[in-house]
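Remarks on the structure that follows.
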Amino acid sequence: MEVDPIQHLVRPAAGDSEGVLVLHHGRGADARDLYPLHDILDPERRLVGLCPQGPLALPPGGAHWYMVRQVGSPDPQTFWPTFGRLTEWFDSIEAEHGVDIGRTLVGGFSQGAVMSYALSLTAGRPGPAALLCFSGFIPKVEGLEIDLGDREGLPVAIGHGTQDPIIGIEFGRDAKGILEQAGCDVFYNESPMGHSIDPSFLEILVPWVGSIVDDFGTSVTGESEEAGS
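Okay, structure coming up:
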């Protein structure tokens, strides 16, 4: 299966960027869906914000990252081509924006959280500065090897609704347990809601994100573009 290259939106930093925040949308949405979260999570615009769009079309006007056959196990025939395109795009961030993976925060909602876990935890992939995953799960896909051996201390924020009818709360709790056992620094939050992002948790995450960026130290290259391809 062939899929198109990843398209994305860019939220520029206010000046010289100190890092990158990548946010992946969920099933049926597009790159614009989580774009406003950049100004919520990073109100001082210290980071370049990137919003990639899933390369698979989902009529009438949305996009997605893989076909859903069973929650917890993405369809491999659609997951792998998409994951290949996403890793190509993600690995180009350093050259395009002058920011290495160690200064890149990765996150997303629903399918976007699943892709964030895959990008950040797969064997052979470099670890990000932090993970922010809302209403998702650590994927189980034939051929995908999750390796947490060198992820000790990785900051991970997980938010999940206790009444989520799409991706049940057990998936959030499972991810929490797996990551804590691996020594990750997990910031976990459950909210009495369905399949959505809790605005109050986003507010709590603002200083959390800020503290991670504080640890970066010296600024890197500036940004002025609004969109990319």
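Under my numbering, the first residue of the sequence shown is numbered -14, with each subsequent residue one higher.
Glycine included, each C-beta is placed from N, C-alpha and C at the ideal position.
Exercise. Is it true that the CB of Gly168 sits closer than 7 Å to the CB of Glu130?
Worked result: Position 145 of the sequence shown, counted from the first residue, corresponds to residue 130. Position 183 of the sequence shown, counted from the first residue, corresponds to residue 168. Cβ atoms of Glu130 and Gly168: not closer than 7 Å.
For this session: Report all residues from its chain with a CB closer than 6 Å to the CB of Leu106; omit the five preceding and five following residues, and keep chain order.
Result: Within the sequence shown, numbered from 1, the residue matching residue 106 stands at position 121. These residues qualify, in order along the chain: Ile131.
Exercise. Can the beta-carbon of Tyr51 be found less than 7 Å from the beta-carbon of Pro44?
Worked result: Here residue 51 corresponds to residue number 66 of the sequence shown, with the count starting at 1. Here residue 44 corresponds to residue number 59 of the sequence shown, with the count starting at 1. Their beta carbons are not under 7 Å apart, which means Tyr51 does not touch Pro44 by this criterion.
For this session: Would you decide whether Ile189 is buried or exposed? Buried here means 16 or more other CB atoms lie within 10 Å of its CB.
Result: The residue you call residue 189 lines up with position 204 of the sequence shown. Classification for Ile189: exposed.
Exercise. Which residue from Met(-14), Gly11 and Glu(-13) puts its Cα closest to that of Gly97?
Worked result: Translated into the one-based positions of the sequence shown, residue 97 becomes position 112. Taking only the C-alpha atoms, the option nearest Gly97 is Gly11.
Exercise. Anyone know if the C-beta pair for Gly121 and Leu8 falls short of 7 Å?
Worked result: The sequence position of residue 121 within the sequence shown is 136, counting from 1. The sequence position of residue 8 within the sequence shown is 23, counting from 1. Cβ atoms of Gly121 and Leu8: not closer than 7 Å.
Exercise. Rounded to a whole number of angstroms, what is the C-alpha to C-alpha distance between Val(-5) and Asp27?
Worked result: Residue numbering aside, residue -5 sits at position 10 when the sequence shown is read from its first letter. Residue numbering aside, residue 27 sits at position 42 when the sequence shown is read from its first letter. Cα-Cα distance, rounded: 14 Å.
Exercise. Alpha carbon to alpha carbon, what distance is there between Leu187 and Asp200?
Worked result: Along the sequence shown, read from residue 1 onward, the residue named residue 200 stands at position 215. Along the sequence shown, read from residue 1 onward, the residue named residue 187 stands at position 202. If I take the Cα positions, the gap works out to 20 Å.
Exercise. Curious, which full-length beta strand (DSSP E) runs of at least 3 residues does the region 54 to 114 contain?
Worked result: 89 to 94
Problem set entry | Nearest-angstrom beta carbon gap, Gly179 and Asp159 [assumed within contact, 8 Å] | In the sequence shown, the residue the question calls residue 159 occupies position 174. In the sequence shown, the residue the question calls residue 179 occupies position 194. The Cβ separation is near 19 Å, so there is no contact.
Exercise. Under three-state DSSP, which class holds Pro140?
Worked result: Within the sequence shown, the letter at position 155 stands for residue 140. Strand at Pro140.
Exercise. Which first and last residues belong to the beta strand (DSSP E) in which Gln148 is found?
Worked result: For the purposes of this step, residue 148 is taken as residue 163 along the sequence shown, with counting starting at 1. Here Gln148 belongs to no beta strand (DSSP E), and DSSP marks it neither H nor E.
Exercise. Does the region 74 to 92 come close enough to the region 110 to 125 to have 3 or more Cβ pairs within less than 8 Å?
Worked result: yes
Problem set entry | Same chain, Cβ closer than 6 Å to Gln38, neighbours up to 5 away in sequence not counted | On the sequence shown, position 53 is the one that residue 38 refers to. The answer, listed in chain order, is Gln(-8), Asp15, Ala16 and Ala48.
Exercise. Can you give the Cα-Cα distance for Thr72 and Ser176, rounded to whole angstroms?
Worked result: In the sequence shown, the residue the question calls residue 72 occupies position 87. In the sequence shown, the residue the question calls residue 176 occupies position 191. Rounded to whole angstroms, Thr72 to Ser176 spans 31 Å at the Cα level.
Exercise. Pick from Gly162, Leu32, Gly46 and Val5: whose alpha carbon is nearest that of Asp18?
Worked result: Taking the first residue of the sequence shown as position 1, residue 18 is located at position 33. Measuring from the Cα of Asp18, the nearest candidate turns out to be Gly46.
For this session: Look up Gln196 in the DSSP assignment and say whether it is helix, strand or coil.
Result: By 1-based counting over the sequence shown, the position of residue 196 is 211. Per the sequence shown, the amino acid found at residue 196 is Ser instead of Gln. Looking at Ser196 - three-state DSSP - the assignment turns out to be helix.
Exercise. Leaving out five residues before and five after Glu3 in sequence, what residues of the same chain have Cβ atoms less than 6 Å from its Cβ?
Worked result: Taking the sequence shown and counting its residues from 1, one reaches residue 3 at position 18. The residues are Arg31, Val198, Phe201 and Ser204.
Exercise. Within this structure, are the beta carbons of Leu164 and Val141 separated by less than 7 Å?
Worked result: Position 179 of the sequence shown, counted from the first residue, corresponds to residue 164. Position 156 of the sequence shown, counted from the first residue, corresponds to residue 141. A contact, by the Cβ cut-off of 7 Å.
Exercise. So is Leu54 buried or exposed if we call it buried at 16+ other beta carbons inside 10 Å?
Worked result: The count along the sequence shown starts at 1 and reaches residue 54 at position 69. According to the sequence provided, residue 54 is Arg. The question's Leu does not apply to it. It is exposed - the Cβ of Arg54 has fewer than 16 other Cβ atoms within 10 Å.
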